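Colleague: Provided herewith is a single structure, encoded as structure tokens, for subsequent inquiry.
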Amino acid sequence: MLTKRIIACLDVRAGRVVKGIQFVDIVDAGDPAELAHRHAAAGADEIVLLDITATHEGRGTLLDTVRRTAANLFVPFTVGGGIRSAEDAAAVFDAGADKVSINSAAIARPELIGEIGSSFGAQAVIVAIDARRATGSSDPVEEAEVYVSGGRKPTGRRVVEWAREAEQRGAGEILLTSMDCDGTRDGFDCELTRRVSEAVQIPVIASGGAGNAQHFAEVFKAGRADAALAASIFHFGITDSRALKAEVAAAGVPMRLPC
Amino acid sequence: MIAVIDYKAGNLTSVVKALRHLGAHDIVVTQSPDDVLLADKVVLPGVGHFQATQLLHDLCLTNATREAAAKGTPFLGICVGLQWLYEGSTEAPVTPGLAHFAGICERFPATFNGEELKSPHVGWNSLDDIRPSSRLLTGIAPGSFVYYTHSWRAPVSADTAATTNYGGAFTAAVERDNVMGVQFHPEKSAETGLRVLKNFLAL
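As given, the protein sequences belong to chains A and B, one line each in that order. Per this note's numbering, residue 4 is the first one in the first sequence, and the count goes up by one each step. Per this note's numbering, residue 403 is the first one in the second sequence, and the count goes up by one each step.
Below, the structure written as structure tokens:
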């Protein structure tokens with residue numbers, strides 16, 4: 004049976020893993036390569052590394068971090084942050100990534116999705132969407148808006164429509180982050196996740212708000228997510244993938260349990 | 403020498419990295435039929451569109467593979483590399499496969515048992531009906547999880563060495579003598595995947 008995926012996310016700045024609360028308040032949490040291996044050994048189904056500064060000067064550092072992290076990592080490995088062209092993506096693949104996650108650059112130039120896909124396959128392209136509910140609207144979920152530039156800039160585009168377009172342009176997966184929930188540890192935005200998951204055929208990865216195992220079970224069931232991302236939940240000894248997956252499995256969600 | 407065939411279908415870094423990790427150091431990433439004929443083992447990775455396998459014909463690698471297979475060289479196709487071992491795929495009907503195994507690869511159905519079936523099939527799924535005599539799957543316990551990402555699949559036949567269930571059973575691994583293939587990505591399937599590659603290297 005196809006299992007639901009738990010994806011460990013490492014937010015990286017200047018070669019170190021950090022975790023912000025609602026995109027600010029940065030706290031140092033360690034070495035990316037070391038943490039990636041620890042997560043994989045504990046049963047994380049995939050590893051995502053997001054370069055949250057993604058400055059031009061930082062590219063060399065990032066590629067070095069990707070190379071170190073990918074060495075001896077034998078689960079799927081995604082890299083995102085600052086990928087603006089097919090050449091940027093090629094450099095990240097060459098350093099050992101299996102997939103790239105693109106966000107602002109895909110909004111700015113949607114053709115980029117197909118350009119990366121034509122060389123590396125659709126499965127290698129994740130379109131990340133930072134979403135915020137449209138408070139004050141009669142349907143705040145349907146009218147939820149896409150934000151870019153690390154959540155600083157509204158785009159005027161609707162989340163569900165953009166997810167559909169990304170799929171048509173050849174995205175392999177959608178990584179949906181709820182900015183309203185991110186960092187709160189109060190649970191995922193299940194309603195928004197379900198709306199997007201029902202709108203597209205490709206897998207949807209839910210992100211933002213994980214605080215406990217119950218939250219994961221909810222987003223897999225009510226949110227119809229195919230995978231869910233967790234970052235801060237792991238880093239400070241709250242739990243590890245092994246414990247988390249055992250609890251999610253006990254709640255009736257198919258999980259790959261490490262031996 | 404292990405020849406890893408590069409036919410511009412995706413990224414070979416991960417496969418080569420996994421083989422090196424398992425102690426294979428004499429690896430040649432190649433498009434040359436001569437390398438395929440000289441190699442002790444041949445690996446055909448590949449993700450993406452079946453159409454990309456057209457390059458194998460254009461580079462005369464189809465005949466080289468046939469010849470290598472006939473003289474007993476262990477051959478492993480991965481993902482689209484497995485699909486190419488069949489007669490063809492509905493993904494690219496004008497591009498024939500090697501036809502070493504009978505059957506045509508087809509797309510996952512849109513629905514199964516009345517329920518919507520998402521496609522591509524992405525994620526970790528279990529190996530079932532593992533053939534006990536399979537050399538490639540030696541030591542792999544039934545129910546072990548492996549990582550998939552694909553929209554087309556090969557039919558189950560007498561050569562199937564293991565199945566996986568998604569919208570019905572499909573061929574997860576195929577094996578007849580020295581020619582074998584896996585639909586999943588062993589280089590991305592943690593310990594289970596590394597064991598498969600280790601078994602192949604030990605042939």
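We treat Cβ as the ideally placed atom computed from N, Cα and C, and that holds for glycine. Bear in mind that the values here come from a model prediction, so they are computed numbers and not experimental data.
Would you give the residue range spanned by the alpha helix (DSSP H) that A:Ser104 belongs to?
Modeller: No alpha helix (DSSP H) contains A:Ser104, which is instead part of the beta strand (DSSP E) from Lys102 to Ile105.
Colleague: For B:Leu478, which residues from the same chain have a beta carbon less than 6 Å from its beta carbon, with the 5 sequence-adjacent residues on both sides left out?
Modeller: Result list for B:Leu478: Val445, Met582 and Phe602, in chain order.
Colleague: Got a sec: is the Cβ-Cβ distance from B:Tyr409 to anything in chain A below 7 Å?
Modeller: Not one chain A Cβ lies under 7 Å of B:Tyr409.
Colleague: Does DSSP put B:His587 in a helix, a strand or coil?
Modeller: If DSSP states are grouped into helix, strand and coil, B:His587 belongs with coil.
Colleague: Assuming A:Cys12 contacts A:Val69 (C-beta within less than 8 Å), just tell me the rounded distance between them.
Modeller: Their Cβ separation, rounded to whole angstroms, is 15 Å, which puts A:Cys12 and A:Val69 out of contact at 8 Å.
Colleague: DSSP three-state call for B:Pro557: helix, strand or coil?
Modeller: Here B:Pro557 sits in coil by DSSP.
Colleague: Quick one: what's got a C-beta closer than 8 Å to A:Arg160's C-beta in the same chain, skipping five residues either side?
Modeller: Hits under 8 Å: Ile110, Glu148 and Val149.
Colleague: Residue ranges of each alpha helix (DSSP H) run of no fewer than 4 residues wholly in the segment 159 to 230 of chain A, ordered along the chain?
Modeller: Entirely contained in the segment 159 to 230 of chain A, the alpha helix (DSSP H) runs reaching 4 residues are, in chain order, 162 to 171, 193 to 202 and 216 to 224.
Colleague: Using a Cβ cut-off of 7 Å (strictly closer), state whether B:Phe547 contacts chain A.
Modeller: With 7 Å as the cut-off, B:Phe547 counts as an interface residue toward chain A.
Colleague: Taking C-beta to C-beta, are A:Leu115 and A:Ala125 nearer than 7 Å?
Modeller: Not a contact, by the Cβ cut-off of 7 Å.
Colleague: For A:Gly117, which residues in the same chain have their Cβ closer than 8 Å to its Cβ, ignoring the five residues on either side in sequence?
Modeller: Correct list, in chain order: Arg172 and Gly173.
Colleague: Can you say whether B:Pro428 is buried or exposed, counting buried as having 16 or more other CB atoms within 10 angstroms of its CB?
Modeller: Residue 428 of chain B is actually Asp in this sequence, not Pro. Flag for B:Asp428 reads exposed.
Colleague: How should B:Ser416 be labelled, buried or exposed, when 16 other C-beta atoms within 10 angstroms of its C-beta is the threshold for buried?
Modeller: Label assigned to B:Ser416: buried.
Colleague: Rounded C-beta distance between B:Ala488 and A:Leu5? I'm assuming under 8 Å.
Modeller: Sequence check: residue 488 of chain B is Tyr here, not Ala. B:Tyr488 to A:Leu5, Cβ: 23 Å. No contact.
Colleague: Starting from the beta carbon of A:Ala43, find every residue of chain B whose beta carbon is closer than 8 Å, and list them in chain order.
Modeller: Within chain B, the residues near A:Ala43 are Ala592.
Colleague: Going by DSSP, name the residue or residues bridged to A:Gly83.
Modeller: Bridge partners of A:Gly83: A:Leu53 and A:Ser104.
Colleague: Within 7 Å (strictly less), CB to CB, does B:Thr432 reach chain A?
Modeller: B:Thr432 does not count as touching chain A.
Colleague: A:Arg188 and A:Gly154: beta carbons closer than 7 Å?
Modeller: No, Cβ-Cβ distance for A:Arg188 and A:Gly154 is not below 7 Å.
Colleague: According to DSSP, is B:His451 helix, strand or coil?
Modeller: Three-state result, B:His451: coil.
Colleague: Please state whether DSSP places A:Val95 in a helix, a strand or coil.
Modeller: Helix, per DSSP.
Colleague: Which of helix, strand or coil does DSSP assign to A:Asp133?
Modeller: Correct three-state label for A:Asp133: strand.
Colleague: Label B:Asp436 either buried or exposed according to how many other C-beta atoms from any shown protein chain fall within 10 Å of its C-beta, with 16 as the threshold for buried.
Modeller: Per the 10 Å Cβ criterion, exposed.
Colleague: Enumerate in chain order the residues of its own chain whose CB-to-CB distance from A:Ile119 is below 6 Å, with the five nearest sequence positions on each side excluded.
Modeller: Correct list, in chain order: Ala89, Ala92 and Val128.
Colleague: Under 7 Å, Cβ to Cβ, is there at least one residue of chain B near A:Gly124?
Modeller: So, interface residue.
Colleague: Whose CA, out of A:Lys7, A:Met258 and A:Glu170, lies closest to the CA of A:Val199?
Modeller: The candidate whose alpha carbon is nearest that of A:Val199 is A:Glu170.
Colleague: Please name the residue or residues paired with A:Arg3 in a DSSP beta bridge.
Modeller: Not covered by the structure: residue 3 of chain A. The range shown for chain A is 4 to 262.
Colleague: So is B:Asn413 in contact with chain E if we call contact Cβ pairs under 7 Å?
Modeller: The structure shown contains no chain E; its protein chains are A and B.
Colleague: Pick helix, strand or coil for B:Phe547, following the three-state DSSP scheme.
Modeller: Strand.
Colleague: Around the Cβ of A:Arg135, are there at least 16 other Cβ atoms within 10 angstroms (buried) or fewer (exposed)?
Modeller: Its Cβ being crowded by 16 or more others within 10 Å, A:Arg135 is buried.
Colleague: Candidates A:Ala45, A:Gly18 and A:Ala47: which alpha carbon is nearest A:Gly33's?
Modeller: Comparing Cα positions, the closest option is A:Gly18.
Colleague: Along chain A, which residues have their Cβ under 9 Å away from the Cβ of B:Ser521?
Modeller: Correct list: Gln204 and Ile205.
Colleague: Measure from the alpha carbon of B:Ala556 to the alpha carbon of each residue in B:Gln485, B:Ala471, B:Gln453 and B:Ala470, then state which is nearest.
Modeller: For B:Ala556, the nearest C-alpha among the options comes from B:Gln485.
Colleague: Alpha carbons only, please: which of B:Ala494, B:Glu508, B:His451 and B:Ala564 is nearest the one belonging to B:Ile532?
Modeller: When each option's Cα is compared against that of B:Ile532, the closest is B:Ala564.
Colleague: By the criterion of Cβ-Cβ separation under 8 Å, what are the contact partners of A:Glu176 in chain B?
Modeller: Simply Val524.
Colleague: Relative to the C-alpha of B:Gln433, which residue among B:Ala504, B:Thr464 and B:Ser536 is closest?
Modeller: When each option's Cα is compared against that of B:Gln433, the closest is B:Thr464.
Colleague: With the cut-off set at 7 Å, would you say B:Ser591 and B:Val548 are in Cβ contact?
Modeller: Against a cut-off of 7 Å, the Cβ pair of B:Val548 and B:Ser591 comes out as a contact.
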